[in-house]
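Chemist: Residue numbers (our numbering): 6 to 672.
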Amino acid sequence: MIRIKRNIKNILLCASICALLFASLASLVRASRKGVGYDFSEGEISTVDIFAPRDIVDRYTTENLKNQAAAKVSDKYKIDLRIKTNALNNLADFFALIFNTKNGQAQSDLEGAVSSFSSLSRVKLSEDEILYLLTMSDEEFLHFQKNISDILDSTLSEGVLNKDEALLDVKEKLQNSNIGDIGLKITSAFLVENKFFDEEGTQRERQKAKDDVAAVVYKKNQSIVRKGEIITPAHIAMLEDLGLLKSANSIDKFEVFGVFSLLIVLFGASVLYILIFNKNLFSKPDMVLLIAVSVLISMVLCFYMDKLNLKISALPVALSPILVALLIDRNLGLFLSIPVSIVAVFMLNENWLYAICFIIICTFSIYILKFAKTRVGLVTVSILSSVISALVFFAFYMHEVSDMGELLSISLHSLIGSLFMMIVIIGILPFFELFFDVITPFKLMELTNPDRKLLKRLLLEAPGTYHHSLTVANMAEAAAEEIGANYLLARVGAYYHDIGKLKAPQYFKENQNGDNPHDYLNPKDSAQIIISHVNEGVELSQKHRLPKMVEKIIREHHGVLVMEYFYKKVENIDGVNKEDFTYKGPKPSFKESAVVSLADSIEAAVRSLDRKSLDTVREMIDKIVTSRLLSGHLDNSNLTLSEIEIIKKSFLNTLSGYYHERIEYPN
6 MIRIKRNIKN
16 ILLCASICAL
26 LFASLASLVR
36 ASRKGVGYDF
46 SEGEISTVDI
56 FAPRDIVDRY
66 TTENLKNQAA
76 AKVSDKYKID
86 LRIKTNALNN
96 LADFFALIFN
106 TKNGQAQSDL
116 EGAVSSFSSL
126 SRVKLSEDEI
136 LYLLTMSDEE
146 FLHFQKNISD
156 ILDSTLSEGV
166 LNKDEALLDV
176 KEKLQNSNIG
186 DIGLKITSAF
196 LVENKFFDEE
206 GTQRERQKAK
216 DDVAAVVYKK
226 NQSIVRKGEI
236 ITPAHIAMLE
246 DLGLLKSANS
256 IDKFEVFGVF
266 SLLIVLFGAS
276 VLYILIFNKN
286 LFSKPDMVLL
296 IAVSVLISMV
306 LCFYMDKLNL
316 KISALPVALS
326 PILVALLIDR
336 NLGLFLSIPV
346 SIVAVFMLNE
356 NWLYAICFII
366 ICTFSIYILK
376 FAKTRVGLVT
386 VSILSSVISA
396 LVFFAFYMHE
406 VSDMGELLSI
416 SLHSLIGSLF
426 MMIVIIGILP
436 FFELFFDVIT
446 PFKLMELTNP
456 DRKLLKRLLL
466 EAPGTYHHSL
476 TVANMAEAAA
486 EEIGANYLLA
496 RVGAYYHDIG
506 KLKAPQYFKE
516 NQNGDNPHDY
526 LNPKDSAQII
536 ISHVNEGVEL
546 SQKHRLPKMV
556 EKIIREHHGV
566 LVMEYFYKKV
576 ENIDGVNKED
586 FTYKGPKPSF
596 KESAVVSLAD
606 SIEAAVRSLD
616 RKSLDTVREM
626 IDKIVTSRLL
636 SGHLDNSNLT
646 LSEIEIIKKS
656 FLNTLSGYYH
666 ERIEYPN
């Protein structure tokens, strides 16, 4: 459940970052493409003729015509026939009560019948009126009942909006009747309002009237404002819709739609690519933020450098793809060059041929970057990338530009612009590495320098651990490269995985020269000292600001394994807690961490063998790897079984070379 909540949170963060990037790019593109416009206000006299650059609806006039049509539609009402049915049923019950009372009482007991009816009836009649109804003949009574029922039925069928007004009509219908007063009282008792204002129906009819009004349209190149004409609200509305006013609120909705459509397509394609080829990226909001920041830096630089009237070939469009290739993934950087180039060219309203040039330049630059292993090497690659950029523009525009001077100018701008871009990349790269905690090959190479403080301390204070770490590094690097993992990260992780032993190096076998302090300690204390080197290593890693991935390797290289050597000594003693002899983990969570963990265990085990032959080394490798698989130590590492087999073979090859003088080879 916690993992699901974390994933949902990460996805929401990534979506928010993408939304902010979308809005920022839309604003940049819009700001870059916006024209100068006219400075008009309502009531002024136009000093120029203005023609529509495209078909445009006269929004103001059209809206007025629609409102006029809607105003002509009268209010609509609806009649609730259920109310009519209830009223007629109640009237029928009333007449049934009279009829039953009339026929159920003897003529001698009429006074009692009148009293009984008065208490039961909802109609307020006088005793004389009740007596009159009770003494009517059946024929007269039924005729009277039908007359009143028909009047109530017809009145309610037409709909009663106001009861008082409806009663006036009823009174008029009963004026020729000799019992009109009684009929009016009875009708009044059952007459209810059942005609109500139909707001929805009225709005529907008015909207229909609006929809029937044809829009007033000005065709492309048709005059919308003539010189000497007074500027009206209709003119202002059209100029705003066309984006031809200097007003900040003036927006060409047609162009805005185009901008949003283009960005939606490019964002959709980018998200689809990431879901297919980098699906784990959306679980890392910091990496999505890195991409967004790099894209914004690239586009903002393009926006402001364009204001200096530089040629587009000088603009740092490739900055974002190159940064992403260096910091996240080379293939992702290559793909990113496509949407970034398209957005840049669209934003600057330039020839689409430039987009192709930028994509090719990004491809070349990202490819040759793999040869840069150090920051000095990055400078060399940057110069080569700039030359390639100039050559690409020269080749593409040889057939487009007839003036050799102009062609050379485009190429020179590209050369200088690319150099500037690479200087910016080299300058901001350390900040990206620090802020986003991203490991670059340059940073990893710096961490392998034996003059680094921690490595120097290992060599001087724990030489056995230092040489063990070098061997583990050679094993891990070779194996990681074989399976396509980050071999430099594996090497650096191996260098630093045991730095926690610096606190008490004498307690670790590789640093002992005969005397073993554990001989004087109980197994539990010995285990705690050994286990503590993991946390000590994490603390040193944080103190010396090692990358998070290296810190994770330090934290995970023993997983949740049990210190069998010390635990076996006391496992049969009552009260012994196995947790006291267990590393706190977590298990290795990525391939490089798992490779270092296996290399660490195998190197120590093989080193302890009295007789080293290919078979004994192979058996030891198989034994340890099988043990780790069965214990679940590698469950979270994403290693496949085929990759584990490759790792085992790589370890055997490395150890065979390392112990070649001592390994016994079979005949």
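Don't be surprised by glycine CBs; every beta carbon is placed ideally from N, CA and C. All values reported here derive from a predicted model rather than from experimental measurement.
When the Cβ atoms of the region 18–36 are set against those of the region 203–210, are three or more pairs found closer than 8 Å?
Modeler: With the cut-off at 8 Å, the region 18–36 and the region 203–210 do not touch.
Chemist: At the level of alpha carbons, what is the spacing between E597 and E561?
Modeler: Residue 597 sits at position 592 when you count from the first residue of the sequence shown. Residue 561 sits at position 556 when you count from the first residue of the sequence shown. Their Cα atoms are separated by approximately 11 Å.
Chemist: Would V34 pass as a contact of M352 if the rule is Cβ separation under 8 Å?
Modeler: Translated into positions along the sequence shown, residue 34 becomes position 29. Translated into positions along the sequence shown, residue 352 becomes position 347. Going by C-beta atoms, V34 is nearer than 8 Å to M352.
Chemist: Are L459 and I504 touching if we call contact CB-CB under 8 Å?
Modeler: Start at 1 with the first residue of the sequence shown, and residue 459 comes out as number 454. Start at 1 with the first residue of the sequence shown, and residue 504 comes out as number 499. Cβ atoms of L459 and I504: closer than 8 Å.
Chemist: Does the Cβ-Cβ distance between M243 and D63 come in under 8 Å?
Modeler: Residue numbering aside, residue 243 sits at position 238 when the sequence shown is read from its first letter. Residue numbering aside, residue 63 sits at position 58 when the sequence shown is read from its first letter. It is a contact, given that the beta carbons lie within the stated cut-off.
Chemist: Less than 7 Å between C-beta atoms, sequence neighbours within five positions excluded: which residues of the same chain meet that for N12?
Modeler: Taking the sequence shown and counting its residues from 1, the one referred to as residue 12 is at position 7. Closer than 7 Å at Cβ, skipping near neighbours: S288.
Chemist: Could you give the DSSP three-state label for K89: helix, strand or coil?
Modeler: Here residue 89 is taken as the residue at index 84 of the sequence shown, counted from 1. Helix at K89.
Chemist: Using the Cα positions of N356 and I235, report the straight-line distance between them to the nearest angstrom.
Modeler: As a working note, residue 356 is residue 351 in the sequence shown. As a working note, residue 235 is residue 230 in the sequence shown. Cα to Cα, the separation comes out at about 39 Å.
Chemist: Roughly how many angstroms separate the alpha carbons of E576 and G382, rounded to a whole number?
Modeler: The count along the sequence shown starts at 1 and reaches residue 576 at position 571. The count along the sequence shown starts at 1 and reaches residue 382 at position 377. Roughly 56 Å between the two C-alpha positions.
Chemist: Quick one: give me the first and last residue of the beta strand (DSSP E) that S228 is part of.
Modeler: Within the sequence shown, residue 228 is the residue found at index 223, counting from 1. Note, S228: beta strand (DSSP E), 228–230.
Chemist: Quick one, which of K461, F363, K557 has its alpha-carbon nearest P321's?
Modeler: Start at 1 with the first residue of the sequence shown, and residue 321 comes out as number 316. Of K461, F363, K557, the residue nearest in Cα terms is F363.
Chemist: Would DSSP call T659 helix, strand or coil?
Modeler: Here the question's residue 659 lines up with position 654 in the sequence shown. Note: T659 maps to helix in three-state DSSP.
Chemist: Assuming the contact rule is C-beta atoms closer than 8 Å, L412 and A31 should be a hit. Round their C-beta distance to whole Å, please.
Modeler: Here the question's residue 412 lines up with position 407 in the sequence shown. Here the question's residue 31 lines up with position 26 in the sequence shown. Going by Cβ atoms, the distance from L412 to A31 rounds to 34 Å, so no, they are not a contact pair.
Chemist: Looking only at C-alpha atoms, which of S131, A57, D158 sits nearest to T90?
Modeler: Residue numbering aside, residue 90 sits at position 85 when the sequence shown is read from its first letter. The option with the nearest alpha carbon to T90 is D158.
Chemist: Could you pull out every residue in the same chain whose Cβ sits closer than 7 Å to the Cβ of L389, ignoring the five residues on either side in sequence?
Modeler: Reading the sequence shown from its first residue, position 384 is the one you call residue 389. I373.
Chemist: Report yes if the C-beta distance between Y588 and G564 is below 8 Å; otherwise report no.
Modeler: As a first step, residue 588 is located in the sequence shown; it is residue number 583 there, counting from the start. As a first step, residue 564 is located in the sequence shown; it is residue number 559 there, counting from the start. Yes, they are a contact pair.
Chemist: In or out: M304 buried (at least 16 other Cβ within 10 Å) or exposed?
Modeler: Residue numbering aside, residue 304 sits at position 299 when the sequence shown is read from its first letter. With 16 or more Cβ atoms within 10 Å of its Cβ, M304 is classed as buried.
Chemist: Report the residue from N95, K378, D620, I649 whose alpha carbon sits nearest the alpha carbon of R489.
Modeler: Indexing the sequence shown from 1 puts residue 489 at position 484. Checking the displayed sequence, the identity of residue 489 turns out to be Gly instead of Arg. It is I649.
Chemist: Would the region 42–57 count as touching the region 224–231 if we require 3 or more Cβ pairs under 8 Å?
Modeler: The region 42–57, when compared against the region 224–231, does touch it at the 8 Å Cβ threshold.
Chemist: Leaving out the 5 sequence neighbours to the left and right, which residues in its chain are closer than 7 Å to K176 when beta-carbon positions are compared?
Modeler: Start at 1 with the first residue of the sequence shown, and residue 176 comes out as number 171. These residues qualify, in order along the chain: L189.
Chemist: Output needed for L25: all residues of its chain with C-beta closer than 8 Å, excluding positions within five of it in sequence on either side, in chain order.
Modeler: The count along the sequence shown starts at 1 and reaches residue 25 at position 20. Cβ neighbours of L25 beyond the five flanking positions: A297.
Chemist: Taking C-beta to C-beta, are V386 and F398 nearer than 8 Å?
Modeler: To locate residue 386, count along the sequence shown from 1; it is residue 381. To locate residue 398, count along the sequence shown from 1; it is residue 393. In this structure, F398 does not lie closer than 8 Å to V386 by Cβ.
Chemist: Report the rounded CA-to-CA distance for P528 versus S613, giving the unit in angstroms.
Modeler: Residue 528 sits at position 523 when you count from the first residue of the sequence shown. Residue 613 sits at position 608 when you count from the first residue of the sequence shown. If I take the Cα positions, the gap works out to 20 Å.
Chemist: Does DSSP put Y588 in a helix, a strand or coil?
Modeler: Walking along the sequence shown from the start, residue 588 turns up at place 583. Y588: coil per DSSP, three-state reduction.
Chemist: Considering only C-alpha positions, which residue in the set A92, M141, A532 is nearest to N108?
Modeler: One-based indexing of the sequence shown puts residue 108 at position 103. For N108, the nearest C-alpha among the options comes from M141.
Chemist: Check whether the Cβ atoms of L545 and L507 lie closer than 8 Å to each other.
Modeler: Stepping through the sequence shown from its first residue, residue 545 is reached at position 540. Stepping through the sequence shown from its first residue, residue 507 is reached at position 502. Yes, Cβ-Cβ distance for L545 and L507 is below 8 Å.
Chemist: Y82 and K213: beta carbons closer than 8 Å?
Modeler: Sequence index remark: in the sequence shown, residue 82 carries index 77 (1-based). Sequence index remark: in the sequence shown, residue 213 carries index 208 (1-based). Contact flag unset, no.
Chemist: Short check: CB of S51 to CB of G233, under 8 Å?
Modeler: Indexing the sequence shown from 1 puts residue 51 at position 46. Indexing the sequence shown from 1 puts residue 233 at position 228. Yes, they are a contact pair.
Chemist: For the alpha helix (DSSP H) holding Y572, just list the boundary residues, first then last.
Modeler: For the purposes of this step, residue 572 is identified with residue 567 of the sequence shown, where counting begins at 1. First-last of the alpha helix (DSSP H) with Y572: 569–575.
Chemist: Determine the burial state of N491: buried for a count of at least 16 other Cβ atoms within 10 Å of its Cβ, exposed for fewer.
Modeler: Mapped onto the sequence shown, residue 491 falls at position 486. So N491 ends up on the buried side.
Chemist: If you run the structure through DSSP and keep just helix, strand and coil, what is Y137?
Modeler: Stepping through the sequence shown from its first residue, residue 137 is reached at position 132. Helix at Y137.
Chemist: Could you tell me which uninterrupted alpha helix (DSSP H) segments, each at least 4 residues in length, are contained entirely in the region 413–459, listed from first to last along the chain?
Modeler: You should have 446–452.
Chemist: Alpha carbons only, please: which of A509, P290, T470 is nearest the one belonging to C502?
Modeler: Start at 1 with the first residue of the sequence shown, and residue 502 comes out as number 497. Looking at the sequence itself, residue 502 is His, so the reference to Cys does not match. Minimum Cα distance to H502 is reached at T470.
Chemist: Closest to I534 by C-alpha separation, out of M480, I559, I191, F586, would be which residue?
Modeler: Position 529 of the sequence shown, counted from the first residue, corresponds to residue 534. Comparing Cα-Cα distances from I534 to each of M480, I559, I191, F586, the minimum goes to F586.
Chemist: Got a sec? Which residues, its chain only, sit under 6 Å from L306 by beta carbon, not counting five neighbours each side?
Modeler: Along the sequence shown, one-based indexing puts residue 306 at 301. Result list for L306: P321, in chain order.
Chemist: Given the structure, does P468 come close to the ligand NAD, in the sense that its CB is under 7 Å from one of the ligand's heavy atoms?
Modeler: Ligands in the displayed structure: none, and consequently the ligand NAD is not present.
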